[in-house]
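Just so you know, we're using the numbering used here here: the sequence shown kicks off at 177 and counts up by one. So the structure is just underneath, and the comments pick up after that.
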Amino acid sequence: MATRTPNRREAILQALAGMLESAPDARITTAALARAVGVTEAALYRHFPSKKRMFEGLIEFAEESVFSRCQRILQDETDARQRLYKTAQLILVFAARNPGLCRVLTGEALVGEDGALRHRTSQFFERLETQTRQILKEGELRDGLRPATSAARAAQWYMTFIEGRIQRFTRSSFQHRPDEHIEELWAALAPGLWRDAE
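Spelled out as structure tokens, the structure:
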């Protein structure tokens, strides 16, 4: 997850993400996680009061990583098509680099865990959909790019593409990278978003 030397809290989250990637069929226990980090279970709980809080830490990492970069795209790009293309590219490259985290975002790793975690991952995708809808509306007002349907339905179509690629990645045990052939796939997707798409 991070390139610099992690602190203990980050090391715990990295170990959890690594276990989610390397043992997709295994239920993660705090005992196994403590062994992977090289600490006692008591030491784990000094940094995270519960396993729920550890999963929340992974979701927070995804939120910070994705949405801070989304803001940079919005600042650097004014064209709605480029904004949506670069956002899709960002999310799918992020997913490819964080396979274990994809299992959390799709809910696969949360079976049997606190239901509030699923709500939190749902909010992650809803926030992306809201941003997509806003980009589509701004593109119509500023650039005259008319959505092929309503901005809300076009945003749903866009998110179906994003979420489907991530779901396929986890279902294939990470064999099918979500960012593969992104330019070609975007060329097929874009005409479904705008009437004016070339």
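Just so it is clear, CB atoms sit at the ideal spot from N, CA and C, and this is done for glycine as well. What you are looking at is a predicted structure, and each value in this text was computed from that prediction instead of being measured.
Among the options, which one has its Cα closest to the Cα of residue i?
| i | options | result |
| --- | --- | --- |
| Arg229 | Asp290, Leu321 and Ala238 | Asp290 |
| Phe345 | Glu197, Gln190, Glu186 and Ala191 | Glu197 |
| Gln351 | Cys246, Thr216, Arg273 and Trp333 | Arg273 |
| Ser226 | Pro275, Leu365, Ile188 and Ala328 | Ile188 |
| Thr254 | Leu369, Ile358 and Gly320 | Gly320 |
| Val215 | Ala191, Ala199, Phe270 and Ile235 | Ala191 |
Quick check: the Cα distance between residue i and residue j, rounded to an integer number of angstroms?
| i | j | result |
| --- | --- | --- |
| Glu339 | Glu305 | 11 Å |
| Arg279 | Glu356 | 18 Å |
| Glu186 | Thr263 | 26 Å |
| Gly194 | Ser241 | 18 Å |
| Arg203 | Ala285 | 8 Å |
| Phe237 | Arg353 | 20 Å |
| Arg371 | Tyr334 | 15 Å |
For residue i, does the count of other Cβ atoms within 10 angstroms reach 16, so buried, or fall short, so exposed?
| i | result |
| --- | --- |
| Gly315 | buried |
| Thr205 | exposed |
| Ala364 | exposed |
Which residue or residues does DSSP assign as beta-bridge partners of residue i?
| i | result |
| --- | --- |
| Trp370 | Pro323 |
*Whole alpha helix (DSSP H) runs in the region 266–343 with 4 or more residues, listed along the chain?*
Taken in chain order, the complete alpha helix (DSSP H) segments of 4 or more residues contained in the region 266–343 are 275–281 and 291–319.
_Contiguous alpha helix (DSSP H) assignments of at least 4 residues, all confined to the region 191–219_ = The region 191–219 contains these whole alpha helix (DSSP H) runs: 206–213.
*Scan the region 229–254 and note each continuous beta strand (DSSP E) run of 3 residues or more that stays entirely inside, going in chain order.*
The qualifying runs do not exist here; there are none.
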